[in-house]
Each structure stands twice: as structure tokens, then as C-alpha cells.
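Following: one structure in C-alpha cells, then a few remarks.
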Amino acid sequence: MASIQSLTSSSTQQQRECLYKVLVIGDMGTGKTSLIQRYIHDSFPSLYKPTIGVDFATKLIQYEDTLIRLQFWDISGQERFANMTRVYYRDSHGAFIVYDCSSKRKDETFSGALRWKKDLDSKLLLDNGQPIPAILLANKSDLENTLTTQQLQGQVKKGRFASGFKISVKNGDGIDTALNSLLMSIVSNERHSLYLIPMIQRDQEVRNLASEEEENIDKKNQRRIRRLTDGICC
């Protein structure tokens, strides 16, 4: 098995490059944003801040002779953004679907994970008609929970997930293993030409879509600032 490792910017010269878009979806409060922060910055936020719309983060990964730019799309779990998912899903290569496996929210958020998986499969498929690889992440394993390996395997089968892992965003357990599994699936699909858009065209479209969404978010923030400052005299 080829090794996957993080890179610094100084080690990225003269590399074959590609960009993979990874969705991070699931109900509110399941730890999606914290998952990305743990993986990219190896830190855990002390305060909960819900994602509004969509947020982005990128990490460089070395795989064999290829420099992979992993672009994570952190999709809000709020229902009012549900009608935007087709736009957000476009040109994605894989997904993490996160739920809270702690005793208090396990059933509720796993049902949410199934809804997210169904929504994803209805809007985005590989060239062979199969779903893109989506991994089920049972987060908050550091809290009191009764989830067994057998139960997790049953959840994976029920939702037709590619695989499933118990993780703890708080202490980092299981995250690297889950990411390596998703990357292996994505790379395999790429080598079998299962993504609908050619790599070069797709990479540019993913970058353009991210830029458009960032611009929209910036405009919304500017409007919010104007509302707050209207009527204030210096």
C-alpha cells in the first residue's frame, strides 16, 4: 500500500498535481468543522460555531508521485441550505458523512446521515452509475457510547456506505485511517476514469466554484456589516 503523507510548501516543486474535492456533510453539531480543523491544524475548537452555508479548507497530500490538493467542503447541516446541495456536491470525488455516536444523539444523527447519503446519491454519481465513495464517520467515540464494531458494520451496509469508522475529533482517534481509506477509493476511481469530467477541466471547475462561493460569502458578510453600521455616525 502506498504511503500518504502531509507536505510543506517547500516540498511541492516538480510534482504531478491534482485536486480532489471532498464533501464533509451531516447534521448540525456532529463535528464536521471540528473534523477538518483537527485534520488540517491538529487542533480542537473550544467553542461551537455553526457553519453558515459552506466553508472551505485545503491540505496538501503526497501519494506516490502525485501531489494531491485535498479541498474539503464543509456543508452546513442547517435545513435552510438543503436546496443548495446540488450546487455544493458538483464535481466532488468523495464524502465523509458524519454522525454523533454518543448515547444521547446516536439514533437521531444516524438517521440524518442516512438522509444525507440518500440526497448525495440522488444528485451525484460516477460514470458507471455507482455512488461516489462516501465514508460513514461515527464521531465522539470519546464520549459515553454503546456502538459496537458489528453495529457500525450494520450501519454501513444499511446506508450503502463505502466503509465506516469510529473517530474522535476531540483527541484525533481514527481520522487518519478514515482519510487514507477515502483517498484510496478516490485514486482507484480516478485511475479507472470513473469521474465524469476530465481531471484538468474538473480541477479548474472545482476551483472556480469555490471562488464563486467564497465571493458570495464575502458579499453576504459585506451586506451584514452595512446593516450593522447603517445610521452610525463617526
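So the sequence shown is numbered by the working numbering: it starts at 2 and just counts up by one. For each residue, glycine too, the CB sits at the ideal point set by N, CA and C.
Would residue i and residue j qualify as a contact pair, given that the criterion is a beta-carbon distance under 9 Å?
i      : j      : result
Leu153 : Ser104 : no
Phe162 : Ile136 : yes
Phe166 : Gly173 : no
Trp74  : Lys118 : no
Ser93  : Leu24  : yes
Ser164 : Ser182 : yes
Ile98  : Cys19  : no
Gly78  : Lys33  : yes
Leu27  : Gly160 : Looking at the sequence shown, residue 27 is not Leu but Gly. For Gly27 and Gly160, no; Cβs fall outside 9 Å.
Val188 : Tyr64  : yes
Pull the bridge partners of residue i from the DSSP assignment, please.
i      : result
Asn140 : Asp101
Ala96  : Leu24, Ala135
Nearest CA to the CA of residue i: which residue from the options?
i      : options                        : result
Thr31  : Phe166, Asp101, Val25          : Asp101
Ile41  : Thr150, Ala58, Asn181          : Ala58
Ala179 : Gly95, Glu18, Arg87            : Gly95
Val88  : Asp108, Lys124, Arg116, Ser164 : Lys124
Leu138 : Leu148, Gly130, Arg17          : Leu148
Asn129 : Asp122, Asn140, Asp43, Tyr196  : Tyr196
Leu184 : Asn146, Ile133, Lys141         : Ile133
Ile76  : Thr52, Arg70, Asp66            : Thr52
Thr86  : Gln156, Ser194, Lys60, Arg116  : Arg116
Leu48  : Arg192, Lys107, Lys171         : Lys171
Leu127 : His193, Asp66, Gln151, Gly155  : His193
Over the uninterrupted beta strand (DSSP E) stretch that includes residue i, give me the two end residues.
i     : result
Gln72 : 67 to 76
Gln63 : 55 to 64
Arg17 : 17 to 27
Terminal residues of the continuous alpha helix (DSSP H) containing residue i?
i     : result
Arg39 : 33 to 42
Arg87 : 86 to 90
Please find out if some non-hydrogen atom of the ligand MG comes closer than 8 Å to the beta-carbon of residue i.
i     : result
Ile62 : The ligand MG is absent from the structure shown, which contains no ligand whatsoever.
Complete beta strand (DSSP E) runs within the region 101 to 176 (minimum length 3 residues, chain order): 135 to 140, 164 to 167
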